[in-house]
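Residue numbers (the working numbering): 94 to 243.
All residues carry an ideal CB built from backbone N, CA and C; glycine is no exception.
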Amino acid sequence: MITVLNNGKLADGLPIVVRMSTSLSEFPGLAKILHSFAELLEKGWNIENLLPFQESDHVIWVSTETEIIGATVFSFHPNMNHLWVSFSFTDPQYRKRGVNRTIYRYIEIQARARKLKYVGSMVHADNEERMASYEKLGFSKAMIRMHKAL
Ligand SMILES: CC(C)(COP(=O)(O)OP(=O)(O)OC[C@H]1O[C@@H](n2cnc3c(N)ncnc32)[C@H](O)[C@@H]1OP(=O)(O)O)[C@@H](O)C(=O)NCCC(=O)NCCS
């Protein structure tokens, strides 16, 4: 099911629509997400075993009049009291204009509506832009995954 969450504008005045789907296959920008994930794979970050997509995932995304410019894939884990963000991307030409911040506002609304206590996510240690954007959204480092290549 696809729901319109908001009709609004970015801080710079660009008109946008925020939508949510309750399954991955209903999200019309799946190719963009996979493309963005492929760009991270191509950095050699050894994330092949962390493919973060499942059909039951929800997606919140932002579109202009003509295209999807950013999205976040997430799922609810009531037994663990958290909402898990598995992937986010913003189209490179729209980065640092508040697209991800806008999406995140609605992610948190979803988590609070289900009375969940945390929002969690995994970030590669070299993904400085993601780390920076999460910190700006109020996240702090919780667990460090250690790794040794054999
Ligand atoms: C990470 C990503 C989704 C951020 O999206 P975005 O739409 O550019 O983020 P926003 O513009 O909403 O930024 C939110 C806050 O983070 C800050 N921020 C975003 N990118 C930043 C960067 N590269 N360096 C420092 N701060 C940054 C912004 O300044 C903003 O803070 P402010 O509101 O106080 O000004 C985007 O850079 C991206 O798609 N990266 C490639 C894919 C990726 O790595 N995904 C995450 C995998 S888990």
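Indicate, with yes or no, if ligand 1 has a heavy atom lying under 6 angstroms from the CB of lysine 229. yes
Contact between the stretch 115–124 and the stretch 159–167 (3+ Cβ pairs under 8 angstroms): yes
Let me check understanding here. Comparing Cα to Cα, which of Thr195, His170, Lys241, Leu133 lies closest to tyrosine 211? His170
Would you report the Cα separation of leucine 209 and glutamine 186, rounded to the nearest angstrom? 33 angstroms
For a minimum of 4 consecutive residues, which ranges assigned as the alpha helix (DSSP H) are wholly contained in the stretch 133–221? 192–206
Leucine 107 - DSSP class collapsed to helix/strand/coil: coil
Quick check on this structure: which residue in Val97, Ser116, Thr115 has the alpha carbon closest to the alpha carbon of isoleucine 253? Residue 253 lies beyond the residue range present for the chain, which begins at 94 and ends at 243; the question has no answer from this structure.
Hey, would you say the C-beta of asparagine 193 is under 6 angstroms away from at least one heavy atom of ligand 1? yes
Who does isoleucine 95 pair with in a DSSP beta bridge? Ser114
According to DSSP, glycine 101 sits in a beta bridge with which residue or residues? Ile109
Cβ-heavy atom distance, glutamate 141 to ligand 1, below 6 angstroms: no
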